[in-house]
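Trainee: Protein chains in written order, with our numbering: chain A, 1 to 214; chain B, 1001 to 1214.
All residues carry an ideal CB built from backbone N, CA and C; glycine is no exception.
Questions regarding the structure given below will be posed in turn.
Protein chains: 2
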Amino acid sequence: MARPQTNLDAGRQLLLEHVDILVRKRGAADISMTELATEAGMSPSNIYRFFDSKEALLEAVAEKWFAEKIAIMEAVARSDMPICEKMFAYFARRFLLTVDQYEDDPALYKSYMEIGQQYFEVVRGYVDLGDHYLAEIVAEAMENGYFLDLTIDETVSLINQMLQCYVNPEAVMFIGTGKLNVEKLQRIVDTIFRGLSAPMQAVADNVRQIGVLT
Amino acid sequence: MARPQTNLDAGRQLLLEHVDILVRKRGAADISMTELATEAGMSPSNIYRFFDSKEALLEAVAEKWFAEKIAIMEAVARSDMPICEKMFAYFARRFLLTVDQYEDDPALYKSYMEIGQQYFEVVRGYVDLGDHYLAEIVAEAMENGYFLDLTIDETVSLINQMLQCYVNPEAVMFIGTGKLNVEKLQRIVDTIFRGLSAPMQAVADNVRQIGVLT
Chain A
1 MARPQTNLDA GRQLLLEHVD ILVRKRGAAD ISMTELATEA GMSPSNIYRF
51 FDSKEALLEA VAEKWFAEKI AIMEAVARSD MPICEKMFAY FARRFLLTVD
101 QYEDDPALYK SYMEIGQQYF EVVRGYVDLG DHYLAEIVAE AMENGYFLDL
151 TIDETVSLIN QMLQCYVNPE AVMFIGTGKL NVEKLQRIVD TIFRGLSAPM
201 QAVADNVRQI GVLT
Chain B
1001 MARPQTNLDA GRQLLLEHVD ILVRKRGAAD ISMTELATEA GMSPSNIYRF
1051 FDSKEALLEA VAEKWFAEKI AIMEAVARSD MPICEKMFAY FARRFLLTVD
1101 QYEDDPALYK SYMEIGQQYF EVVRGYVDLG DHYLAEIVAE AMENGYFLDL
1151 TIDETVSLIN QMLQCYVNPE AVMFIGTGKL NVEKLQRIVD TIFRGLSAPM
1201 QAVADNVRQI GVLT
């Protein structure tokens, strides 16, 4: 037998689908709780059983949007891949998901980007979470001899800047998937490991690779 | 005695200043030739003596906006700086100019960015010119033993992506000058030279630097 919690969750899911429908119809224009209730065929007071404020609704929209990305970040951060592969997977898997989301419905994607800009305080926590997991990966890289002359924060900032095109979800809109691809992303991650403060190990690898030492 | 050409130029300059005034007042909202004439205290037919179409006006606005950047690109590309310094100067000097333009009047800057998006066909030539000079610098770097396993186009694309935060003029608006600075830009350029396809010379330099070879 379904518990009340489940009915509540089902109602929330349904309302979130109606948010998609409204955003498809109207773009990023501000949506009120009353309009959402009407769209979902619900009385304006009833909607507050599911979301007790517009803020709660927006947080649920963000939670749904970021759910898969968080699952990827957690899975990659916990995996035992070699550190260079882990860094690549951390950015590449989220980038490929972003491309899928964008290509699935470019107009809807663009509208959600605008909503995200409008309510950046709701999104900020997820951006910070991305930096948190990246900091864990950077710390592991440091244990492996990389980035030793930088702090974790400095390294996170430089990596985010060098991979901005693959981190910023708006880049697929203005640069496009023709110019952005995982091969280039792989090349940039390699460049970061080989060139960002070039530690002993990485230099030794490069040297072996080109045959200066054997 | 002033030649007619000079009067024409003076009139154009004056009208471009009135474009600034209008954009400050109204933001990026589309400006008609008639409105500009009114703003400048000129008859609607008279304005066509200076710009024979809206397109000609927009091209003059873009030309004025990019003039200093083009001067920097030309000066740096022609200079005889060592190649790593030249690459750094190419990005750093334009970035510093961008920061100045932004900080001088953030609202006006934002409006011009929006106008640039609206009329991207007018801006495209300047973006291509940036890639042209970067390709020249990359070719010189290749003569110095860098990026040897890549084509010029691949290298230009990867460098533009890794330095996106410093190349994209909108980045100062959404990332901010707190996180973007020339120290990080220098670090990224170093990373590119040391890590992007790590050629013989760069690896030898790294090796010397950390004392594997002497």
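#1: Residues in the segment 1094–1128 of chain B with C-beta within 9 Å of chain A's C-beta atoms, listed in sequence order?
#2: Could you confirm whether any beta carbon from chain A is found closer than 8 Å to the beta carbon of Gln1013(B)?
#3: Using a Cβ cut-off of 7 Å, which residues of the segment 1171–1189 of chain B contact any Cβ in chain A, in chain order?
#4: Could you please tell me which residues of the segment 1147–1172 of chain B, in chain order, have their CB closer than 9 Å to any CB of chain A?
#5: In chain order, what residues of the same chain lie with their CB nearer than 8 Å to the CB of Met1173(B), ignoring the 5 residues before and after it?
#6: Would the beta-carbon of Gly1195(B) fall within 8 Å of that of Ile152(A)?
#7: Please state whether DSSP places Asn966(B) in a helix, a strand or coil.
#8: In terms of alpha-carbon separation, which member of Leu1148(B), Tyr1048(B), Gly1145(B), Gln1186(B) lies closest to Cys1165(B)?
#9: Could you give the DSSP three-state label for Lys47(A): helix, strand or coil?
#10: With contact counted as at least three CB pairs below 8 Å, one residue from each stretch, are the segment 36–54 of chain A and the segment 7–24 of chain A in contact?
#11: Return the first residue and the last residue of the alpha helix (DSSP H) that Asp1190(B) is part of.
#12: Looking at the structure shown, is Tyr1119(B) part of a helix, part of a strand, or coil, going by DSSP?
#13: With a threshold of 16 other CB atoms inside 10 Å of the CB of Ile21(A), please say whether the residue is buried or exposed.
#14: Got a sec, what are the start and stop residues for the alpha helix (DSSP H) Ser157(A) sits in?
#15: To the nearest angstrom, report how far apart Leu1163(B) and Gly27(A) are at their CA atoms.
#16: Taking a cut of 7 Å between CB atoms, which residues from the segment 70–85 of chain A lie near chain B?
#17: Below 8 Å on the Cβ atoms is my contact criterion, and I expect Lys69(A) with Leu1158(B) to pass it. Report the Cβ-Cβ distance as a whole number of Å.
#18: Assuming Val1189(B) contacts Phe1088(B) under a Cβ cut-off of 8 Å, what Cβ separation, rounded to an integer in Å, is found between them?
#19: Starting from the beta carbon of Gly195(A), find every residue of chain B whose beta carbon is closer than 8 Å, and list them in chain order.
#20: Under 8 Å, do Glu140(A) and Ile83(A) count as touching if we go by C-beta distance?
#21: If distances are taken between C-alpha atoms only, which option among Tyr1133(B), Glu1017(B), Leu1150(B) comes closest to Lys1064(B)?
#22: With DSSP as the reference, label Pro1215(B) as helix, strand or coil.
#23: My output table needs one value for Glu17(A): the three-state DSSP class, helix, strand or coil.
#24: Output yes or no for whether 8 Å exceeds the beta carbon distance between Tyr1119(B) and Leu1180(B).
#25: Applying the criterion that 16 or more other CB atoms from any shown protein chain within 10 Å of the CB defines a buried residue, is Ser1032(B) buried or exposed?
#26: Helix, strand or coil for Ala139(A)? Go by DSSP, reduced to three states.
#27: So with Cβ pairs under 8 Å, would you call Thr214(A) a contact of chain B?
#28: Just to check my reading of the structure: Ala92(A) and Val182(A) have Cβ atoms closer than 8 Å, yes? What is that Cβ distance to the nearest angstrom?
#29: With hydrogens ignored, establish whether the beta-carbon of Leu1096(B) is closer than 7 Å to any heavy atom of the ligand SAM.
#30: According to DSSP, simplified to helix, strand and coil, what is Ala75(A)?
#31: Taking only the alpha-carbon atoms, compute the straight-line gap between Glu1074(B) and Phe1095(B) and give it to the nearest angstrom.
#32: Gly145(A) by DSSP, collapsed to three states: which one?
#33: Considering only residues of the same chain and omitting the five flanking positions on each side of Ile1072(B), which have a CB-CB separation below 7 Å?
Mentor: Inspection of the coordinates gives the following:
#1: The residues in question are Gln1117.
#2: Chain A, which has no Cβ nearer than 8 Å to the Cβ of Gln1013(B), makes this no.
#3: Identification of residues in the segment 1171–1189 of chain B having a C-beta nearer than 7 Å to some C-beta of chain A yields Lys1179, Lys1184, Arg1187, Ile1188, given in sequence order.
#4: Look at the segment 1147–1172 of chain B: the residues with a C-beta under 9 Å from a C-beta of chain A are Leu1150, Glu1154, Ser1157, Leu1158, Asn1160, Gln1161, Met1162, Leu1163, Gln1164, Cys1165, Tyr1166, Asn1168, Glu1170, Ala1171.
#5: The beta carbon of Met1173(B) lies closer than 8 Å to those of Tyr1102, Pro1106, Tyr1109, Lys1110, Met1113 in the same chain, with the five residues before and after it left out.
#6: It is not a contact, given that the beta carbons lie outside the stated cut-off.
#7: Here chain B covers residues 1001 to 1214 and nothing more, so residue 966(B) does not appear.
#8: Out of Leu1148(B), Tyr1048(B), Gly1145(B), Gln1186(B), Gln1186(B) has the C-alpha closest to the C-alpha of Cys1165(B).
#9: Rather than Lys, the amino acid found at residue 47(A) in this sequence is Ile. Here Ile47(A) carries a helix assignment [DSSP, helix/strand/coil].
#10: Yes: the two stretches touch, three or more of their Cβ pairs being nearer than 8 Å.
#11: Unbroken alpha helix (DSSP H) run through Asp1190(B): 1182–1195.
#12: Of the three classes helix, strand and coil, the one that applies to Tyr1119(B) here is coil, per DSSP.
#13: Ile21(A) should be labelled exposed.
#14: Per DSSP, Ser157(A) belongs to the alpha helix (DSSP H) from 152–162.
#15: Rounded to whole angstroms, Leu1163(B) and Gly27(A) show a C-alpha spacing of 32 Å.
#16: The segment 70–85 of chain A vs chain B, Cβ under 7 Å: nothing.
#17: With a Cβ gap of about 25 Å, Lys69(A) and Leu1158(B) do not count as contacting.
#18: The C-beta distance from Val1189(B) to Phe1088(B) rounds to 5 Å, short enough to fall under 8 Å.
#19: Result: Asp1190, Thr1191, Ile1192, Phe1193, Arg1194, Gly1195, Leu1196, Ala1198.
#20: Contact: yes.
#21: Answer by Cα proximity: Glu1017(B).
#22: Because chain B in this structure spans residues 1001 to 1214, residue 1215(B) falls outside the shown range and cannot be described.
#23: Looking at Glu17(A) - three-state DSSP - the assignment turns out to be helix.
#24: Their beta carbons are not under 8 Å apart, which means Tyr1119(B) does not touch Leu1180(B) by this criterion.
#25: Per the 10 Å Cβ criterion, exposed.
#26: Residue state, collapsed to three classes: helix.
#27: Annotation note: pLDDT 34 at Thr214(A) (below 50); position unreliable, coordinate value reported separately. Closer than 8 Å: no.
#28: About 5 Å; that satisfies the 8 Å criterion.
#29: With respect to the ligand SAM, the structure offers nothing, as it holds no ligand at all.
#30: Assigned with DSSP and collapsed to three states, Ala75(A) falls in helix.
#31: Whole-angstrom Cα-Cα distance: 15 Å.
#32: Under the three-state reduction of DSSP output, Gly145(A) falls in the coil class, being neither helix nor strand.
#33: Excluding sequence positions up to five before and after Ile1072(B), its CB lies within less than 7 Å of the CB of Arg1093, Arg1094, Leu1097, all in the same chain and listed in chain order.
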